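Peer 1: Sending over a structure as structure tokens; questions will come in a sec.
Residue numbers (my numbering): 1 to 234.
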């Protein structure tokens, strides 16, 4: 009886939170996003520069702001910082979660990762099509990265050299973040890194027993400033 009452209260809280907080928040985000998209287009036209990726990213963010999690693609300084944690001479696949338009993917290739080793897990079909055009040697998997084991069951089961994540973890419940980390670590070779960035000042996933955590310096040249967190089996 007590368990059922608690479960009922949790459902009621989630419903109230959705109605009172998330839905108004999404409406505000969509309005802001449309204004930003218009300004970026005007800036590009005025200055004769192409900002196609930025416009694509904002378009996706307007539709699903809590899923995309960022208004613009990751900056080159952030992407390079994430790539430096990956051994370019490893044998296993390098799995990237939520690559979007590919800025971190590009940094991985520039770092020396063979594109044929890349497994790119992206939910957005438009981004998947773009990634296949830009990185034809990579394996692009259109799937839910938060269900990593299920999404990659037909691609790889273990021995990955790295999992590099651009997912907006801080917008997800803690249980989803913990499950993602557990499934990522299960795919990784011993001491191979799970690399995640966040705009927050706290780690995206709390420290767990048996897991080592390290953090980069704050990357001020990203907008907003970000930090990279690296998790490994202890």
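Here a beta-carbon is modelled for each residue, glycine too, at the ideal position from N, C-alpha and C.
As the structure is a prediction and not an experimental result, all values here were calculated from the model.
(1) Assuming contact is defined by CB atoms lying nearer than 7 Å, are residue 173 and residue 137 in contact in what I supplied?
(2) Can you tell which of 230, 108, 149 and 167 has the C-alpha that lies nearest to the C-alpha of residue 118?
(3) Looking only at DSSP bridge pairs, what is residue 197 linked to?
(4) Please list the terminal residues of the continuous beta strand (DSSP E) segment that includes residue 122.
(5) Could you say if the region 171 to 190 and the region 129 to 147 meet the contact criterion of at least three C-beta pairs nearer than 8 Å?
(6) Rounding to the nearest angstrom, what Cα-Cα distance links residue 97 and residue 221 in this structure?
(7) Would residue 228 be called buried (16 or more neighbouring beta carbons within 10 Å of its own) or exposed?
(8) Less than 7 Å separating the beta-carbons of residue 92 and residue 159?
(9) Does the beta-carbon of residue 190 have 16 or more other beta-carbons within 10 angstroms, so that it is buried, or is it exposed?
(10) Candidates 130, 184, 193 and 169: which alpha carbon is nearest residue 151's?
(11) Report the residue from 75, 233 and 77 whose alpha carbon sits nearest the alpha carbon of residue 162.
(12) Which one of 210, 85 and 126 has the shortest CA to CA distance from residue 102?
(13) Taking the alpha-carbon positions, what's the residue 50 to residue 139 distance?
Peer 2: The structure says:
(1) Mapped onto the chain shown, residue 173 falls at position 173. Mapped onto the chain shown, residue 137 falls at position 137. It is not a contact, given that the beta carbons lie outside the stated cut-off.
(2) Stepping through the chain shown from its first residue, residue 118 is reached at position 118. It is 108 whose Cα lies nearest to the Cα of residue 118.
(3) The residue labelled residue 197 in the question sits at position 197 within the chain shown. For residue 197, which the question treats as bridged, DSSP gives the partners 228.
(4) Taking the chain shown and counting its residues from 1, the one referred to as residue 122 is at position 122. Looking at the DSSP string, the run of the beta strand (DSSP E) that includes residue 122 is 118 to 122.
(5) yes
(6) One-based indexing of the chain shown puts residue 97 at position 97. One-based indexing of the chain shown puts residue 221 at position 221. Answer to the nearest angstrom: the Cα atoms are 22 Å apart.
(7) As a position in the chain shown, residue 228 is number 228, starting the count at 1. Label assigned to residue 228: buried.
(8) Locating residue 92 in the chain shown gives position 92, where the first residue counts as 1. Locating residue 159 in the chain shown gives position 159, where the first residue counts as 1. Going by C-beta atoms, residue 92 is nearer than 7 Å to residue 159.
(9) Numbered from 1 along the chain shown, position 190 holds the residue referred to as residue 190. Exposed: under 16 other Cβ atoms inside 10 Å.
(10) Sequence index remark: in the chain shown, residue 151 carries index 151 (1-based). Per the Cα distances, 184.
(11) As a first step, residue 162 is located in the chain shown; it is residue number 162 there, counting from the start. Considering only alpha carbons, the answer is 233.
(12) Residue numbering aside, residue 102 sits at position 102 when the chain shown is read from its first letter. Taking only the C-alpha atoms, the option nearest residue 102 is 126.
(13) Taking the first residue of the chain shown as 1, we reach residue 50 at position 50. Taking the first residue of the chain shown as 1, we reach residue 139 at position 139. Its pLDDT being 49, under 50, residue 50 is placed unreliably in this model, and the coordinates cannot settle the point.
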